[in-house]
Amino acid sequence: MANDTTIRETVILGSGPAGLTAALYAARANLKPLVITGNELGGQIATTTEVENFPGFPQGLTGPELVEKMQEQAERFGADVTIDTIQQVDLSRRPFRLTGHSGDYYAKSLIITTGASPRKLGVPGEPEFVGRGVSYCATCDGFFFRDKDVVVIGGGDSALQEAIFLTKFARQVTIIHRRDSLRAGYTLQERARKNEKIAFIWDTVVTKINGDPVVTSIELKNVKTGETWTRPTDGVFIFIGHLPNSYLFQGQLAIDDQGYLITDKELRTSVEGVWAAGEITDPIFKQAITSAGMGAAAAIAAERWLAEHEDETEPALVVG
Ligand code: NAP
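Pasting the structure below:
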């Protein structure tokens, strides 16, 4: 795919549920879309061991299986999927130019589905135990902790909301926060404090996650007293914020103060011909199914826009 001088009708950046669903819809509209996968084919969902809340799969399936099915379905209708990571975009000229490790790509329209990545704690044991007790998604993984003791790291709305959700399954949920007051809003704080299954550990950070082969305990440190101790636990749910993958578009697209791409209700970004779908523009719902829905909507919008502009003079392609 190096230095592909084809001008694509639509290029889709990102291969999670939003990107692959946009690809399906764009392919079925005969736009012959190109999906550029990014670092991980499938995005965040590909790291989830079991997906039980995607409609149409009553028995559940693994994240990689869902991604594979979505890719197969998009390819069946003519989508191309290429493994590359884009390093640079130029949205100031048409066609848009995207520069990846394998070369340049050109597009009349662009759908950005680069997603968001959960902020990591950055402690030893965290990467090793992802999917084996370490999780960034209570909705995805909470079910596997029925009658277990779990800890939730963070003091914001996400941490409290997810901790409350986890009490449906877990025997005890302990929220570990690095300060002695919560960032979360009043209502969630009240609900969490009143929940008998929720306990709090204040002024404390996790310094290490232990286990073999699944999580068994964490090392903790009180940041005020310096006291350290080991706490047994079955699961570590980390909700310390998300980082939208929008750095490529800084200075070219409108981005909010949390790093999310700003879109209107038709998922248009601030540059005509560029749409965004999924977690790159959604700090609220953050589900595979909501991202997939947004991907479909963005592809429909792109198709309509391309149809309205098809009579316009083909822009000159300047390669090199
Ligand atoms: P957030 O508001 O940024 O909170 C992140 C939490 O993680 C903070 O308590 C922070 O501690 C802690 N934290 C950050 N880095 C840490 C680290 N390295 N080690 C330990 N703790 C760390 O993120 P969020 O909770 O994901 O919320 C994001 C946005 O979505 C917010 O605007 C929120 O209001 C919104 N949201 C709303 C709802 C709702 O209304 N129901 C639900 C979810 C999210 P400090 O407090 O000390 O900084």
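In the numbering used here, the protein residues as written are 41 to 360.
Every residue, glycine too, gets a C-beta built ideally from N, C-alpha and C.
Note that this is a predicted model, so its numbers are computed, not measured.
Quickly, what does DSSP pair residue i with across the bridge? List them, please.
i: L283; result: S157
i: S149; result: T50
i: E272; result: Correcting the residue identity first, residue 272 is Pro in this sequence and not Glu. BP columns for P272 point to S257.
i: F289; result: Note: F289 sits in no beta bridge, so no partner.
i: V311; result: V311 is not bridged to any residue.
i: G143; result: G140
i: V129; result: L138
i: L71; result: Paired residues: none, contrary to the question.
Among the options, which has the Cα closest to the Cα of residue i?
i: Y145; options: G196, R223, D130 and V174; result: D130
i: T214; options: D181, I258, C180 and T179; result: I258
i: G335; options: E348, R308 and E350; result: R308
i: G313; options: F97, D120, R137 and L81; result: R137
i: K148; options: L74, L206 and I278; result: L74
i: F240; options: G194, G266 and P135; result: G194
i: T46; options: D120, K188 and F185; result: D120
i: V289; options: L150, F279 and E108; result: Correcting the residue identity first, residue 289 is Phe in this sequence and not Val. Closest option to F289, Cα to Cα, is L150.
i: R219; options: I280, N235 and G333; result: I280
i: S142; options: Q201, K248 and I76; result: I76
For the beta strand (DSSP E) containing residue i, name the first residue and the last one.
i: T321; result: No beta strand (DSSP E) holds T321; DSSP gives it neither H nor E.
i: A239; result: I238 to I241
i: V20; result: No statement about residue 20 is possible, as the shown extent of the chain runs from 41 to 360 and does not include it.
i: G83; result: Premise fails: G83 is in no beta strand (DSSP E) and is neither H nor E.
i: D304; result: Careful: D304 lies outside any beta strand (DSSP E) and carries neither H nor E.
i: I295; result: From DSSP, I295 is part of no beta strand (DSSP E); its letter is neither H nor E.
i: N250; result: T244 to G251
i: V121; result: D120 to T122
How is the alpha helix (DSSP H) around residue i delimited, first residue to last?
i: L64; result: P57 to R68
i: R137; result: R137 -> not in any alpha helix (DSSP H); beta strand (DSSP E) instead, spanning F136 to G140.
i: I340; result: A328 to H349
Can you tell me whether residue i is buried or exposed? The criterion is at least 16 other CB atoms within 10 Å of its CB, across all chains shown.
i: A356; result: Summary for A356: the model assigns pLDDT 45, below 50, so the residue's position carries little reliability; its value from the coordinates is reported in the next sentence. It counts as exposed.
i: T303; result: buried
i: T353; result: For T353, the predicted model reports a pLDDT of 48, less than 50, meaning its position is unreliable; a value from the coordinates is still stated below. By the neighbour-count rule (16 or more Cβ atoms within 10 Å), T353 is not buried but exposed.
i: T244; result: buried
i: L283; result: exposed
i: H349; result: exposed
i: V359; result: Note on V359: pLDDT 44, under 50, position unreliable in the model; the coordinate value appears next. Exposed, because fewer than 16 other Cβ atoms sit within 10 Å of the Cβ of V359.
i: D124; result: buried
i: H367; result: In the structure as shown, the chain begins at 41 and stops at 360. Residue 367 is therefore absent and cannot be evaluated.
i: E343; result: buried
i: W269; result: exposed
i: I324; result: exposed
i: S221; result: exposed
i: E319; result: buried
Contiguous beta strand (DSSP E) assignments of at least 3 residues, all confined to the stretch 152-236: 156-158, 189-193 and 212-216
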